[in-house]
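A.B. asks:
Number of protein chains: 2
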Amino acid sequence: MDENKRKALEEAGWRVGSADEFLELTPEETAYVELKLTLANSLRDRRQAQHLTQVELAQRLQSSQSRVAKMEAGDPSVSLDLLIRSLLALGTTQEDLALILAP
Amino acid sequence: MDENKRKALEEAGWRVGSADEFLELTPEETAYVELKLTLANSLRDRRQAQHLTQVELAQRLQSSQSRVAKMEAGDPSVSLDLLIRSLLALGTTQEDLALILAP
DNA sequence: CAATAATATGTCATATCTGATATATTATCA
DNA sequence: TGATAATATATCAGATATGACATATTATTG
């Protein structure tokens with residue numbers, strides 16, 4: 001899936017804000033990255049709303065602080081699967097997810 | 001995540017229709033399985049709506065027919081990540097996803 | 001009823017993701 | 001300011017998901 005393109009962009013200082021098919025990203029790849037960022041932002045929002053630190057969330061998830069940081073950054077090494085499981089662990093429902101994705 | 005519980009259920013003839021915290025599934029696990037089945041069903045619907053066979057979809061995804069079958073079955077060996085990427089490959093937008101998840 | 005297209009199931013080597021760890025950077029506050 | 005809490009970044013061994021393949025089962029159609 002060549003997630004490194006985005007990483008490369010960022011390293012080059014490009015700050016992928018929202019929706020960047022900029023260089024070389026197929027529409028699916030763009031949609032994938034956007035989706036990941038949407039979920040990543042939502043995860044951070046929800047964690048903070050529950051007054052949890054990354055360390056505390058990591059404990060709840062049986063994960064590590066560094067991975068939580070990567071999740072919230074939408075890092076290429078994090079799958080949608082992990083992101084969504086983390087949201088579910090914060091009590092996010094399927095309906096909540098729909099609202100997160102809705103325009 | 002012990003996805004095998006559900007597999008076990010099904011093998012025991014339990015047909016996990018919708019929402020089975022039945023035996024031993026935590027709320028998150030139940031939500032995860034439900035979500036997976038929602039996406040799995042949607043994938044099948046969309047594939048059929050576009051008159052594609054599993055083989056044809058597999059080609060488009062650079063995957064295999066057997067994996068598409070597993071996706072549509074919500075098999076434990078399939079991640080939400082792959083399911084969602086497959087939906088995106090069928091032209092599903094973030095907004096579409098929201099509708100798929102909405103009650 | 002074949003024949004064959006479509007889908008399902010099982011296995012496995014490899015690729016990718018993950019938790020852990022170490023360490024760096026950036027708040028926060030006394 | 002310095003101390004320290006919170007977050008970010010890098011690396012890697014082990015875990016998990018993946019595509020490929022073989023083969024079985026179930027439509028479909030002639």
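Taken in order, these protein sequences are the chains called Z and H. Counting from 1, one number per residue, gives the positions in the first sequence under this note's numbering. Counting from 1, one number per residue, gives the positions in the second sequence under this note's numbering. Heads up, the beta-carbon is just placed ideally off N, CA and C, and yes, glycines get one too.
According to the neighbour-count rule (16 or more other Cβ atoms, all chains shown, within 10 Å of its Cβ), is T53 of chain Z buried or exposed?
C.D. replies: As a position in the first sequence, residue 53 of chain Z is number 53, starting the count at 1. Under this definition T53 of chain Z is an exposed residue.
A.B. asks: Can you list, in chain order, the residues of the stretch 62–90 of chain H whose Cβ is nearer than 8 Å to any Cβ on chain Z?
C.D. replies: S79, L80, D81, I84, R85, L88, A89
A.B. asks: With 8 Å set as the bound, which would you pick, yes or no: does the beta-carbon of E95 of chain H sit closer than that to a beta-carbon of chain Z?
C.D. replies: Numbered from its first residue, the second sequence carries residue 95 of chain H at position 95. Interface residue, yes.
A.B. asks: Residues of chain H with a CB under 9 Å from the CB of E56 of chain Z: which are they?
C.D. replies: One-based indexing of the first sequence puts residue 56 of chain Z at position 56. Neighbours of E56 of chain Z on chain H: none; closest Cβ ~17 Å, over 9 Å.
A.B. asks: Let's see if you can read the secondary structure: which residues bound the alpha helix (DSSP H) around E24 of chain H?
C.D. replies: By one-based count along the second sequence, residue 24 of chain H stands at place 24. That residue, E24 of chain H, is in no alpha helix (DSSP H); it is neither H nor E in DSSP.
A.B. asks: Use the C-beta contact count for G74 of chain Z: other C-beta atoms within 10 angstroms, 16 or more gives buried, fewer gives exposed.
C.D. replies: Here residue 74 of chain Z corresponds to residue number 74 of the first sequence, with the count starting at 1. Buried, since its Cβ has 16 or more Cβ neighbours within 10 Å.
A.B. asks: Less than 8 Å between the CB atoms is what I'm expecting for L87 of chain H and R44 of chain H, so what's the real figure, rounded?
C.D. replies: For the purposes of this step, residue 87 of chain H is identified with residue 87 of the second sequence, where counting begins at 1. For the purposes of this step, residue 44 of chain H is identified with residue 44 of the second sequence, where counting begins at 1. Taking the Cβ atoms as the reference, L87 of chain H lies roughly 11 Å from R44 of chain H, outside the contact range of under 8 Å.
A.B. asks: Give the residues of chain H in contact with L52 of chain Z, contact being defined as C-beta atoms less than 8 Å apart.
C.D. replies: Indexing the first sequence from 1 puts residue 52 of chain Z at position 52. In chain order: nothing, as chain H lies at least about 16 Å away.
A.B. asks: What distance in whole Å lies between the Cβ atoms of S79 of chain H and D81 of chain Z, which are believed to be in contact at a cut-off of 8 Å?
C.D. replies: Residue mapping note: residue 81 of chain Z aligns to position 81 of the first sequence, counting from 1. Residue mapping note: residue 79 of chain H aligns to position 79 of the second sequence, counting from 1. Contact between D81 of chain Z and S79 of chain H holds: CB atoms are separated by about 4 Å, below the 8 Å threshold.
A.B. asks: Based on Cα-Cα distance, which residue from Z:H51, Z:E56, Z:A69, Z:G91 lies nearest to L37 of chain Z?
C.D. replies: Here the question's residue 37 of chain Z lines up with position 37 in the first sequence. Considering only alpha carbons, the answer is Z:A69.
A.B. asks: If you draw a straight line from the alpha carbon of M71 of chain Z to that of A40 of chain Z, how long is it in whole angstroms?
C.D. replies: The residue given as residue 71 of chain Z occupies position 71 in the first sequence. The residue given as residue 40 of chain Z occupies position 40 in the first sequence. So the alpha carbons of these two residues sit roughly 6 Å apart.
A.B. asks: What's the C-alpha gap between I100 of chain Z and E56 of chain H?
C.D. replies: Reading the first sequence from its first residue, position 100 is the one you call residue 100 of chain Z. Reading the second sequence from its first residue, position 56 is the one you call residue 56 of chain H. Taking the straight line joining both Cα atoms gives about 32 Å.
A.B. asks: Hey, out of H:L90, H:E24, H:S77, whose CA is closest to H51 of chain H's CA?
C.D. replies: In the second sequence, the residue the question calls residue 51 of chain H occupies position 51. Of the candidates H:L90, H:E24, H:S77, the one whose C-alpha sits nearest the C-alpha of H51 of chain H is H:L90.
A.B. asks: Between the stretch 29–46 of chain H and chain Z, which residues of the former have CB atoms less than 8 Å from a CB of the latter, in chain order?
C.D. replies: A31, Y32, E34, L35, T38
A.B. asks: Is there a Cβ of chain H sitting closer than 8 Å to that of L25 of chain Z, yes or no?
C.D. replies: Counting from 1 along the first sequence, the entry for residue 25 of chain Z is found at position 25. For L25 of chain Z, the answer is no, since every Cβ of chain H falls outside 8 Å of its Cβ.
A.B. asks: For A102 of chain H, would you say it is in contact with chain Z, using Cβ-to-Cβ distances shorter than 8 Å as the test?
C.D. replies: For this step, residue 102 of chain H is matched to residue 102 along the second sequence. Output row for A102 of chain H: interface = yes.
A.B. asks: So for S64 of chain H, helix, strand or coil by DSSP?
C.D. replies: What you label residue 64 of chain H is simply residue 64 of the second sequence in a count that begins at 1. DSSP, read as helix, strand or coil, puts S64 of chain H in coil.
A.B. asks: At the 8 Å Cβ level, is A98 of chain H part of the contact set with chain Z, yes or no?
C.D. replies: The residue you call residue 98 of chain H lines up with position 98 of the second sequence. Residue contact with chain Z for A98 of chain H: present (Cβ-Cβ distance below 8 Å to some residue of chain Z).
A.B. asks: Using the rule of at least 16 other Cβ atoms within 10 Å of the residue's Cβ for burial, across every protein chain shown, is E29 of chain H buried or exposed?
C.D. replies: On the second sequence, residue 29 of chain H is found 29 positions in, with the first residue counted as 1. Counting Cβ neighbours within 10 Å, E29 of chain H comes out buried, since at least 16 surround it.
A.B. asks: Give the single residue among Z:S63, Z:S64, Z:P76, Z:A49 whose Cα lies nearest to the Cα of Y32 of chain Z.
C.D. replies: One-based indexing of the first sequence puts residue 32 of chain Z at position 32. Residue Z:P76 is the option with its Cα nearest to Y32 of chain Z.
A.B. asks: Tell me whether E24 of chain Z is buried or exposed, calling it buried when 16 or more other Cβ atoms sit within 10 Å of its Cβ.
C.D. replies: Sequence index remark: in the first sequence, residue 24 of chain Z carries index 24 (1-based). Burial state of E24 of chain Z is exposed, judged by a 10 Å Cβ sphere holding fewer than 16 other Cβ atoms.
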